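Listed in order, the protein sequences are those of chains A and B. Each residue of the first sequence is one higher than the last, beginning at 39 in my numbering. Each residue of the second sequence is one higher than the last, beginning at 33 in my numbering. First up is the structure itself, then whatever we jot down about it.
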Amino acid sequence: MTPATLAPAAGPAAIPGGAGHGSHSAAAAGAVFRVALIGAPNVGKSALFNRLTHSYVTVSNFPGTSVEVIRARGRFAGVSAEVLDTPGLYSLLPTSDEERVTQRIVLSGEADVLVHVVDAKNLSRMLPLTLQLTELGRPLVLALNMMDEADRLEVQIDHRLLQQRLGFPVVPIVAISGRGVAELEQAVAQARNAPAARMPAYTNGVGQAINRTRAALTGVYPVDAEAIVALAIQGDAEALARLVAGERDAARVESLLAAAGGKLDGPAVYRVAYERRRVADELLVDAFSTPQAARSRWSDRLGRVLSRPVTGVPILALVLYLGLYKFVGQFGAGTLVDLIESRLFERHINPWFESVFAAVPWTWLTQLFVGDYGVLTLGLRYAVAIILPVVGSFFVFFSILEDTGYFPRLALLVDRGFKRIGLSGRAVIPMVLGFACDTMAVMVTRTLETRRERVLATLLLALAIPCSAQLGVMLALLSGSGLALAVWSLTLLATFMLVGAITARLLPGDPPSFHMELPPLRLPRVGNVLTKTYTRMHWYFVEVLPLFVLASVLLWLGDITGALPVVIDALTPVVGLLGLPAETASVFLLGFFRRDYGAAGLFDLSQQGLLDPIQITTAAVTLTLFVPCVAAFLMMIKERGWKTALGMLLFITPFAFGTGYLVNLIMRGVMS
Amino acid sequence: MNRHVCSYCGERFAEDQGQQACAGCPLKGGCHFVRCPKCGYENPCTPEWMARLRAWLRTNDARAAGHADERAPQDAREALRAR
């Protein structure tokens, strides 16, 4: 691989199609000298800002937003300047208000010198933003902050070689101690009058698309139009508005951008990001290395094996079989539940509770605590003896996968399949979290890019993603019969794909694109796994126990007032249509509170020998397809609005019963 | 200020930035999770008692190994706070 070089370019200060790469005229004009600190969150921008400035700061909201921009005076090699501490951003293509403000500051060209502050030890991840900033054609300085931490971690950086390749100053600093800050000030002062770097040599059609579009522009822009074109090709609204304003011909701009986008092999967002990554990697050859570099070579190979369909799908199947079926289903929901529920609760704890309440003269009070729907004998037993061991073992499995860095590879693996249902690999985050808790996952759908994706993901989470507790109990319930397990799994998978594909066709909108940087694969640490498992179990238990107690109290209230038998009688014909015994009506009632509560009830009935394999399968399918729980439904209302949430509920409920009806019919037809 | 490494995307971030990303959640402050400001993944926080236990174990290990500079971990924490 030949290392890339970004040669400095000479040129006029302002030319059609951009500000040019030449020396900046602000100094000559005697205007206010402005220096903007740009960088990702937590790279030490504010610490550097404090080092560079020596006067009172001005904190003001960026016009039209609540985002703060901080300004103060500083001196650079004797020259007074205004220093701007901008909100953190990861890319000039913004995804938040903070990033949008920084993008506007940068595109407005108000800063004479841009200082890109990076965390030196994470340089390889931050260099693509440096390349984006070079596209602006402004004087630029790269500040490698936190060099002390990089040294401690034995990260090797040849900043002179990098500077030679980039064509602008690269200064190692430690902002909190002041190391290298004087050199940085000197570099900024010199950069003010120095030529800026040229746009990186992007290939694979990206450079060509940007250059051709730029060459066709006639407007004058405060920064080089390459940067604006690169953003507009990727669909950035701010950049598009600037081009339309500059060219005064919206139709022509759109036609140019469409032509540029058409030359790229795939979504522009992905192609441009890929090119920047590629150029950044080339620039860092021999200039940046970490002690993990050798390890990452095998990690890279393994990562590719995990994310390619031919090898990744069988590995995923093996992971699910060992992790979910053997560990969570058989060990957690089988061995552990048997130990805690059958031996501890049934033999010791429940009889003790009953003996304590035997002395209480009021039957209604005894029923409240130790009756059929007792807070202690039902609510506490379900939460502690059935759900807790299941979620505990699930969270161990989940935390191990999480700590290895497997999930981002899973996102790549499923990206193609997800696109067929209108989603992208990005939706793996809420889907994976949905297996832990659907309520949390529905909330996380807000990180998806479009409303279409958010609605689709919410519907699929509510319909076909069982939460950890339910999943474990269902696996334990179905593990006795391979056929039952296969029917349940295939029904969920088919529902997920079919409903997703149909809804994606019905909902208008563009198909999503997806790209992400992959963190390295690593061996899971026992400490991390235990910490994550503990935190998740603690959170789950604190959330679940009060709801189980509340559900028990409501059932008890229904029981003593006579309302419960009426509801159960009303539900009995419905469960009868599914070929289920009348006892399952109360299970479905529990399922309205929480699917896992209902699953625990089903598990109870199964243990009592009241269900045959077909009935277990039918009840499991129907209950899994229900809306997860009251909390998840409330979150759906909050995130998607009550109309959408109610629409989903009205679709899901008959769909769940209809599918259960068909499963019962088909299984009885085939097996008779 | 505690620093986190996102379990999903590997982003390093301070806890207060994660909390900013959590704004709007009804469980804000009570869920013991912190959301990555970059990718949105919910990361479990280390409980306070566990963090203290780890720090205590590290200090004991350092003492047992006879390291001269036992103040180093404290200094590192101060440095992180300053950022």
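No residue lacks a Cβ here, since even glycine has one placed at the ideal position from N, Cα and C. What you are looking at is a predicted structure, and each value in this text was computed from that prediction instead of being measured.
Practice problem: Rounded to whole angstroms, what's the CA-CA distance from A/Gly698 to A/Leu616? Just pull it up for me. | Solution: The alpha-carbon atoms of A/Gly698 and A/Leu616 are separated by roughly 6 Å.
Quiz item: With distances taken between CB atoms, is the gap from A/Leu545 to A/Arg490 smaller than 7 Å?
Solution: Contact annotation: A/Leu545 and A/Arg490 have beta-carbon atoms nearer than 7 Å.
Quiz item: Relative to the C-alpha of A/Pro33, which residue among A/Ile76, A/Lys681, A/Gly629 and A/Ala268 is closest?
Solution: Given that chain A is displayed from residue 39 to residue 710, the structure contains no residue 33 of chain A and the question cannot be resolved.
Quiz item: Any Cβ of chain A within less than 7 Å of the Cβ of B/Thr91?
Solution: Interface criterion not met: the Cβ of B/Thr91 is under 7 Å from no Cβ in chain A.
Exercise. Run the CB neighbour count on A/Ser146, radius 10 Å, all protein chains shown included, and call it buried at 16 or more, exposed below.
Key: Classification of A/Ser146: exposed, given that the 10 Å Cβ count is below 16.
Exercise. Excluding the 5 residues preceding and the 5 following A/Glu137 in the sequence, name in chain order all residues of the same chain whose CB lies nearer than 6 Å to its CB.
Key: For A/Glu137, where only same-chain residues beyond five positions count, the Cβ hits under 6 Å are Leu127.
Quiz item: Can a CB atom of chain A be found closer than 7 Å to the CB of B/Glu122?
Solution: Here chain B has residues from 33 to 115 only, and residue 122 of chain B is not among them.
Exercise. Out of A/Val179, A/Arg236 and A/Thr373, state which residue places its alpha-carbon closest to the alpha-carbon of A/Leu711.
Key: This structure gives no information on residue 711 of chain A, because the portion of chain A shown stretches from 39 to 710.
Quiz item: So, are the CB atoms of A/Glu621 and A/Leu593 less than 7 Å apart?
Solution: For A/Glu621 and A/Leu593, no; Cβs fall outside 7 Å.
Quiz prompt | Residues that B/Arg44 contacts on chain A, provided the C-beta gap is smaller than 8 Å | solution = Ordered by position in chain A, the residues that pass the 8 Å Cβ test against B/Arg44 are Asn80, Asp157 and Asn160.
Self-check item: Residues that B/His64 contacts on chain A, provided the C-beta gap is smaller than 8 Å
Solution: Listed along chain A, the residues sitting closer than 8 Å to B/His64 by beta-carbon distance are Thr573, His576 and Trp577.
Self-check item: Meets three-Cβ-pair contact criterion under 8 Å: the stretch 146-160 of chain A and the stretch 76-85 of chain A
Solution: Touching, yes.
Self-check item: Supposed close pair A/Val452, A/Ile467 - CB separation, criterion 8 Å
Solution: Not quite, the Cβ-Cβ distance comes to about 12 Å (not below 8 Å), so this is no contact.
Self-check item: Pick from A/Val511, A/Ser437 and A/Leu583 that is closest to A/Leu568, judged by C-alpha positions
Solution: When A/Val511, A/Ser437 and A/Leu583 are compared, the shortest CA-CA separation from A/Leu568 is found for A/Ser437.
Practice problem: Report the three-state DSSP secondary structure of A/Leu222 (helix, strand or coil). | Solution: Reduced to three states, the DSSP call for A/Leu222 is helix.
Quiz prompt | Extent of the continuous alpha helix (DSSP H) to which A/Glu292 belongs | solution = Membership of A/Glu292 in the alpha helix (DSSP H) is indicated by the continuous run Ala288 to Gly300.
Quiz item: Are at least three pairs of beta-carbons, each pair with one atom in the stretch 293-303 of chain A and one in the stretch 162-175 of chain A, less than 8 Å apart?
Solution: With the rule of 3 Cβ pairs closer than 8 Å, the stretch 293-303 of chain A does not count as touching the stretch 162-175 of chain A.
Practice problem: Determine, using beta carbons only, whether A/Phe445 comes closer than 7 Å to chain B. | Solution: Yes, its Cβ sits closer than 7 Å to a Cβ of chain B.
Quiz item: Is A/Gln202 buried or exposed, if buried means 16 or more other CB atoms sit within 10 Å of its CB?
Solution: When all chains shown are included, A/Gln202 counts as exposed.
Exercise. Please go through the stretch 178-240 of chain A and give each complete alpha helix (DSSP H) segment of 4 or more residues, from N-terminal end onward.
Key: You should have 185-190, 197-204 and 219-229.
Practice problem: Under 7 Å Cβ to Cβ from A/Ala67, same chain only, skipping five residues before and after it: list those, please. | Solution: Unreliable positioning characterises A/Ala67 in this predicted model, as indicated by a pLDDT of 46, which lies under 50. The coordinate reading is nonetheless provided below. Counting only residues of its own chain and dropping the five nearest sequence neighbours on each side, A/Ala67 has no CB closer than 7 Å to any other CB.
Quiz item: Is A/Tyr578 near A/Val480, with beta carbons less than 7 Å apart?
Solution: Contact flag unset, no.
Self-check item: Within chain B, partners of A/Val482 - CB distance below 9 Å
Solution: Those are Arg67, Gly72, Tyr73 and Glu74, listed as they occur along chain B.
Self-check item: Residue interval of the alpha helix (DSSP H) (run including A/Ile467)
Solution: Counted as a single uninterrupted DSSP element, the alpha helix (DSSP H) harbouring A/Ile467 occupies residues Val466 to Ala474.
Quiz item: Does any C-beta atom of chain B lie closer than 7 Å to the C-beta of A/Thr569?
Solution: With 7 Å as the cut-off, A/Thr569 counts as an interface residue toward chain B.
Practice problem: Keeping to the same chain, check which residues put their C-beta closer than 6 Å to that of A/Val343; ignore five residues upstream and five downstream. | Solution: If the five residues before and after A/Val343 are omitted, its C-beta is found closer than 6 Å to the C-beta atoms of Thr349, all from its own chain and listed in chain order.
Quiz item: Can you name the start and end residues of the beta strand (DSSP E) that A/Gly112 belongs to?
Solution: A/Gly112 -> beta strand (DSSP E) spans Glu106 to Phe114.
Practice problem: Can you pull the chain B residues whose beta carbon is under 9 Å from the beta carbon of A/Leu471, in chain order? | Solution: The contacting residues are Tyr73 and Glu74.
Quiz item: With distances taken from CA atoms, which of A/Arg574, A/Leu161 and A/Ala532 is nearest A/Pro427?
Solution: Ranking A/Arg574, A/Leu161 and A/Ala532 by Cα distance to A/Pro427 puts A/Arg574 first.
Exercise. Tell me whether B/Pro79 sits in a helix, a strand or coil according to DSSP, three-state version.
Key: Reduced to three states, the DSSP call for B/Pro79 is coil.
Quiz prompt | Span of the beta strand (DSSP E) around A/Ile76 | solution = Run containing A/Ile76: Arg72 to Ile76, per the beta strand (DSSP E) assignment.
Quiz item: Under three-state DSSP, which class holds A/Leu616?
Solution: Residue state, collapsed to three classes: coil.
Practice problem: Report, in whole angstroms, the separation of the C-beta atoms of A/Leu161 and A/Ile214, which I expect to be a contact under 8 Å. | Solution: At roughly 18 Å, the Cβ-Cβ gap does not stay under 8 Å, so A/Leu161 and A/Ile214 are not in contact.
Quiz item: Would the beta-carbon of A/Val659 be found less than 6 Å away from any heavy atom of the ligand MN?
Solution: By its list of ligands, the structure shown contains no ligand whatsoever, and the ligand MN lies outside what it can speak to.
Quiz item: Nearest CA to the CA of A/Thr610: which residue from A/Gly600, A/Phe626 and A/Leu595?
Solution: If you compare the alpha carbons of A/Gly600, A/Phe626 and A/Leu595 with that of A/Thr610, the shortest gap goes to A/Phe626.
Exercise. Keeping to the same chain, check which residues put their C-beta closer than 6 Å to that of A/Thr533; ignore five residues upstream and five downstream.
Key: Only Ala502 meet the Cβ criterion.
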